[in-house]
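There are 2 protein chains.
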Amino acid sequence: MKVLIVDDHPVVRAGLRALLSATGEFDVVGEAEDGATAVRLAASLRPCVVLMDLQLGSGVDGVTATRQIMALDSPPKVVVLTTYDSDADILRAVEAGATGYLLKESPPEELFAALRTAWSGEMALSPPVASRMMRRVRAPQLALSQREIEILELIAAGRSNREVSRMLFISEATVKTHLAHVYDKLGVDSRTAAVKAAVDRRLIRL
Amino acid sequence: MKVLIVDDHPVVRAGLRALLSATGEFDVVGEAEDGATAVRLAASLRPCVVLMDLQLGSGVDGVTATRQIMALDSPPKVVVLTTYDSDADILRAVEAGATGYLLKESPPEELFAALRTAWSGEMALSPPVASRMMRRVRAPQLALSQREIEILELIAAGRSNREVSRMLFISEATVKTHLAHVYDKLGVDSRTAAVKAAVDRRLIRL
DNA sequence: GCGCGGGTCATCCGAAAGGTTGATGTGCGA
DNA sequence: TCGCACATCAACCTTTCGGATGACCCGCGC
Chain A
6 MKVLIVDDHP VVRAGLRALL SATGEFDVVG EAEDGATAVR LAASLRPCVV LMDLQLGSGV
66 DGVTATRQIM ALDSPPKVVV LTTYDSDADI LRAVEAGATG YLLKESPPEE LFAALRTAWS
126 GEMALSPPVA SRMMRRVRAP QLALSQREIE ILELIAAGRS NREVSRMLFI SEATVKTHLA
186 HVYDKLGVDS RTAAVKAAVD RRLIRL
Chain B
6 MKVLIVDDHP VVRAGLRALL SATGEFDVVG EAEDGATAVR LAASLRPCVV LMDLQLGSGV
66 DGVTATRQIM ALDSPPKVVV LTTYDSDADI LRAVEAGATG YLLKESPPEE LFAALRTAWS
126 GEMALSPPVA SRMMRRVRAP QLALSQREIE ILELIAAGRS NREVSRMLFI SEATVKTHLA
186 HVYDKLGVDS RTAAVKAAVD RRLIRL
């Protein structure tokens, strides 16, 4: 199975290449350290599966790269391999077209299994990720909407309501309304407390 | 050269093992996924060098594990391999007795070189790390005082100025004065932005 | 002694944030 | 088709925050 590795850490790339190659089952046809290279190599090398880290140091991030790869002709499957299991990351990755989402804390066997599953076209989620998604559908009143997460992330980045409103092309009143809903759902009454609560519950990442 | 790998991510561990073993120069004699195991294996396996990640998921963190390993009889060298190059992390690791500090974004050759250098007893710092150290000795005025950090941590926990003032038995005016100094030092103009800046620079933890 | 940084406090004011209520439109599933 | 969640906006009001001052005390180093 032809695999393309995308990670901004050379050590991790080399490690993954060695790990996958040793099985004999996987053939690492290329490596990319940034999003642009990833898209280019995905188009030219035509791998079966792209193993994608979400945290790429500079330039295009993993989600954008995934979206661009899925826009190719007969695109490969994309399996996200990352450190964090925040709602925001998972949602964006799946929305961008990722066929799998697993954590670096997973055992290697799970990685192999996820690559096989993804290649067959099935969605491959590691247990912690799957349980997060389950909790999300079971308790939708505690979950923030994508818009609310989007706004809360900008708040967490230190932006004012006005800045957020301009960045999202909406009115300041709307930002305040969304934030009021966020405060209500998280049981807090200030932006800073909301950020902490959201980080604690892994709804966003700082 | 006998190496012990300490990292909480099985995928990274397996990758590093494959990478190091492939050189023929390094012999991975063991792996540990947490600090306690790391100390135990360092004592029983007697590796030449311990390759230590600072971010261990649960239990003892990498700095503490390093300190405990250095307290052993004829301890091995400890080389820190981590993602972040924050002042606080570097200082704590070196203070704990680490002989090397390199980033996961370094090329594999640098990793090999650092292991050799550390084994020979020399300090091995990757270039970005070394430059951070240099900047720190040149610009010590960027550091927050203990009191300022104490207040900023409460702010990061979502407390209001009034709550902080009552928790620290000082007036609200004093809290505001301290915060104004913090904003000035961090180059921001709101509490949320200050929290983000401080977390980014590892001045506080969330 | 004097300067300097740190910690403490106060006042005044404008800007920002938060609470409340109510309204409109859209999409989706029962 | 009827709700319901979501996203959008507005007006009003209170509280909080942030900026600009100025002041006092303490410990430390030159």
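Quick note, the sequences are listed as chains A and B, same order. The end of the first sequence is residue 211 by the working numbering, with every number in the run present. The end of the second sequence is residue 211 by the working numbering, with every number in the run present. Every residue gets a Cβ at the ideal spot worked out from N, C-alpha and C, and that includes glycine. None of these values were measured; they are calculated from a predicted model.
Original post:
What are the complete alpha helix (DSSP H) segments, minimum 4 residues, inside the segment 46 to 76 of chain A?
Top reply: 67 to 75
**OP:** Could you confirm whether any beta carbon from chain B is found closer than 9 Å to the beta carbon of A/ASP92?
**Re:** No, because no Cβ of chain B sits closer than 9 Å to the Cβ of A/ASP92.
Original post:
Is the CB of A/VAL34 under 9 Å away from at least one CB in chain B?
Top reply: no
Subject >> N- and C-terminal bounds of the alpha helix (DSSP H) containing A/GLY20 >> reply: Run containing A/GLY20: 15 to 28, per the alpha helix (DSSP H) assignment.
Subject >> Partner residues on chain A for B/THR197, Cβ-Cβ distance less than 9 Å >> reply: ILE160, ALA161, ALA162, GLY163, ARG164, SER165, ARG196, THR197, VAL200
**OP:** Compare the C-beta of B/GLU155 with all C-beta atoms of chain A and state if any pair is closer than 9 Å.
**Re:** no
Original post:
From the DSSP output, which residues share a beta bridge with B/VAL11?
Top reply: B/ALA37, B/MET57
**OP:** Run the CB neighbour count on B/GLU100, radius 10 Å, all protein chains shown included, and call it buried at 16 or more, exposed below.
**Re:** Under this definition B/GLU100 is an exposed residue.
**OP:** Note the first and the last residue of the continuous alpha helix (DSSP H) segment covering A/LEU173.
**Re:** 166 to 173
Original post:
Nearest to B/LEU46 by CA position, among B/ALA19, B/PRO80, B/GLU30, B/LEU61, is which residue?
Top reply: B/PRO80
**OP:** Starting from B/VAL1, find everything on chain A with Cβ-Cβ shorter than 7 Å and list it in chain order.
**Re:** Nothing can be reported for residue 1 of chain B, as the shown portion of chain B is limited to 6 through 211.
Original post:
Are B/VAL34 and B/LEU21 touching if we call contact CB-CB under 9 Å?
Top reply: no
**OP:** Classify A/VAL204 as helix, strand or coil using the three-state DSSP reduction.
**Re:** In the structure shown, A/VAL204 sits in a helix (DSSP, three-state: H, G or I).
**OP:** Using the DSSP secondary-structure output, state which residues sit across from B/TYR106 in a beta bridge.
**Re:** B/VAL85, B/LEU130
**OP:** Report the residues of the segment 106 to 139 of chain B with a CB closer than 7 Å to any CB of chain A, ordered along the chain.
**Re:** Within the segment 106 to 139 of chain B, the qualifying residues are LYS109, GLU110, SER111, PRO112, PRO113, LEU116.
Original post:
When DSSP labels each residue in this structure, what does B/ASP94 get in the three-state scheme?
Top reply: helix
Original post:
Under three-state DSSP, which class holds B/GLY192?
Top reply: coil
**OP:** Using the DSSP secondary-structure output, state which residues sit across from B/ASP32 in a beta bridge.
**Re:** B/LYS7
Original post:
Can you list, in chain order, the residues of the segment 13 to 33 of chain A whose Cβ is nearer than 7 Å to any Cβ on chain B?
Top reply: ASP13, HIS14, PRO15, VAL16, VAL17, ALA19, GLY20, LEU21, ALA23, LEU24, ALA27
**OP:** Quick one: give me the first and last residue of the alpha helix (DSSP H) that A/ARG152 is part of.
**Re:** First-last of the alpha helix (DSSP H) with A/ARG152: 151 to 161.
**OP:** Could you tell me whether the Cβ of A/GLY102 comes closer than 9 Å to any Cβ of chain B?
**Re:** No, no contact with chain B.
Original post:
Is it true that the CB of B/LYS190 sits closer than 9 Å to the CB of B/GLY126?
Top reply: The Cβ-Cβ distance between B/GLY126 and B/LYS190 does not fall below 9 Å.
Subject >> Cβ separation of A/GLY62 and B/SER195, assumed to be a contact under 8 Å, to the nearest whole Å >> reply: In fact, because the Cβ distance is near 27 Å, the residues do not count as touching under 8 Å.
**OP:** Return the Cβ separation of A/ASP12 and A/ASP58 in integer angstroms, given the expectation that the two are a contact with Cβ distance under 8 Å.
**Re:** 4 Å
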